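The structure appears below as structure tokens.
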Amino acid sequence: EVQLVESGGGLVQPGGSLRLSCVASGFTFSSYAMHWVRQAPGKGLEYVSAIDSIGFSTYYASSVQGRFTLSRDNSKDTVYLQMDSLRPEDTALYYCARGVLGAGLDYWGHGSLVTVSS
Amino acid sequence: DIQMTQSPSSLSAYLGDRVTITCRASQNITNYLNWYRQTPGRAPNLLIHTAHSLHVGAPARYSGGGSGTEFTLTISTLHPEDFATYYCQQSYATPYTFGQGIKLE
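Protein chains in written order, with my numbering: chain A, 1 to 118; chain B, 1001 to 1105.
Here it is as structure tokens:
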């Protein structure tokens, strides 16, 4: 069974940092791109970042470019989202998802809540 | 970035109804269009990928249509769990943008 489990969220002050982790199981992790999508309270889905299967190529939404860094460790079946210079508008539930090339995000974790507030 | 626009903005229906939701892309995305369903407190679930293909495990009452810039999601017969929010997403080019979502009530 495919599972994605996020962790690392919490309450942080503006300007602070957090690192989210997403541990995968039930599939060959190194064969899939991984994505992060966030959802602010009561709002829709926002595509945040992606990394290819080998960690060679990454993508960031303009809203997080230069502040967030996505990486992966295929030996640990884990993807990491390092979030620096956090802003109140980054407050959201952050989902990790598995991507199938051109065919959407087929499995999602339950999300990790990030709250940026003083 | 490719903009995705869903219509109508909200939708009311009854159990057993047939409903269709529309998604429009700001440029040609061929068939790289996906549909998700999200119920309150849960992560989104992939229903349809590449415009027409039913995701493994998704109910057969869901079907997708369209290509280019206009796409549809049809639910043939509404079940209780279908009263949820639906999102389209393009996977033609990063960022893989989502529509604003449509809440089916």
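Ideal Cβ placement from N, Cα and C applies to all residues, glycine included.
Please read these numbers as outputs of a predicted model, since none were measured by experiment.
Tell me whether residue i is buried or exposed, calling it buried when 16 or more other Cβ atoms sit within 10 Å of its Cβ.
| i | result |
| --- | --- |
| residue 38 of chain A | buried |
| residue 1020 of chain B | exposed |
| residue 1081 of chain B | exposed |
| residue 1056 of chain B | exposed |
| residue 47 of chain A | buried |
| residue 1027 of chain B | exposed |
| residue 1006 of chain B | buried |
| residue 1060 of chain B | exposed |
| residue 81 of chain A | buried |
| residue 89 of chain A | exposed |
| residue 1038 of chain B | buried |
| residue 1099 of chain B | buried |
| residue 1046 of chain B | buried |
| residue 132 of chain A | Missing from the structure shown is residue 132 of chain A; chain A here goes from 1 to 118 and no further. |
With distance defined between alpha-carbon atoms, name the residue in the options nearest to residue i.
| i | options | result |
| --- | --- | --- |
| residue 49 of chain A | A:1, A:110, A:77, A:68 | A:68 |
| residue 1 of chain A | A:42, A:109, A:35 | A:109 |
| residue 93 of chain A | A:3, A:20, A:14 | A:20 |
| residue 13 of chain A | A:97, A:104, A:83 | A:83 |
| residue 102 of chain A | B:1083, B:1051, B:1103, B:1057 | B:1051 |
| residue 71 of chain A | A:34, A:104, A:87 | A:34 |
| residue 1118 of chain B | B:1016, B:1041, B:1084, B:1072 | Look at the range of chain B in this structure, 1001 to 1105, and you will see that residue 1118 of chain B is not part of it. |
| residue 99 of chain A | A:22, A:118, A:51, A:15 | A:51 |
| residue 91 of chain A | A:5, A:17, A:4 | A:17 |
| residue 28 of chain A | A:86, A:80, A:89, A:54 | A:54 |
| residue 30 of chain A | A:107, A:115, A:118, A:75 | A:75 |
| residue 36 of chain A | A:7, A:15, A:42 | A:7 |
| residue 1017 of chain B | B:1043, B:1054, B:1079, B:1103 | B:1079 |
| residue 57 of chain A | A:41, A:117, A:32 | A:32 |
Anyone know if the C-beta pair for residue i and residue j falls short of 7 Å?
| i | j | result |
| --- | --- | --- |
| residue 1063 of chain B | residue 1074 of chain B | yes |
| residue 1097 of chain B | residue 59 of chain A | no |
| residue 112 of chain A | residue 9 of chain A | yes |
| residue 44 of chain A | residue 1101 of chain B | yes |
| residue 97 of chain A | residue 86 of chain A | no |
| residue 115 of chain A | residue 11 of chain A | yes |
| residue 95 of chain A | residue 1043 of chain B | yes |
Please check the pair residue i and residue j, which I expect to be a contact at CB under 8 Å, by giving their CB distance rounded to whole angstroms.
| i | j | result |
| --- | --- | --- |
| residue 77 of chain A | residue 23 of chain A | 6 Å |
| residue 1105 of chain B | residue 1009 of chain B | Not really, about 12 Å apart at Cβ, beyond 8 Å. |
| residue 1048 of chain B | residue 1025 of chain B | So it is not a contact: roughly 15 Å between Cβ atoms. |
With hydrogens ignored, establish whether the beta-carbon of residue i is closer than 6 Å to any heavy atom of the ligand SAM.
| i | result |
| --- | --- |
| residue 97 of chain A | Ligands are entirely absent from the displayed structure, and the ligand SAM is therefore not among its contents. |
Should the stretch 1082-1101 of chain B be regarded as contacting the stretch 1023-1041 of chain B, the criterion being three or more beta carbon pairs within less than 8 Å?
-> With the cut-off at 8 Å, the stretch 1082-1101 of chain B and the stretch 1023-1041 of chain B touch.
Is it true that the stretch 1058-1072 of chain B meets the stretch 1022-1031 of chain B, where meeting means three or more beta-carbon pairs spaced less than 8 Å apart?
-> The answer is yes - the stretch 1022-1031 of chain B touches the stretch 1058-1072 of chain B, with three or more Cβ pairs under 8 Å.
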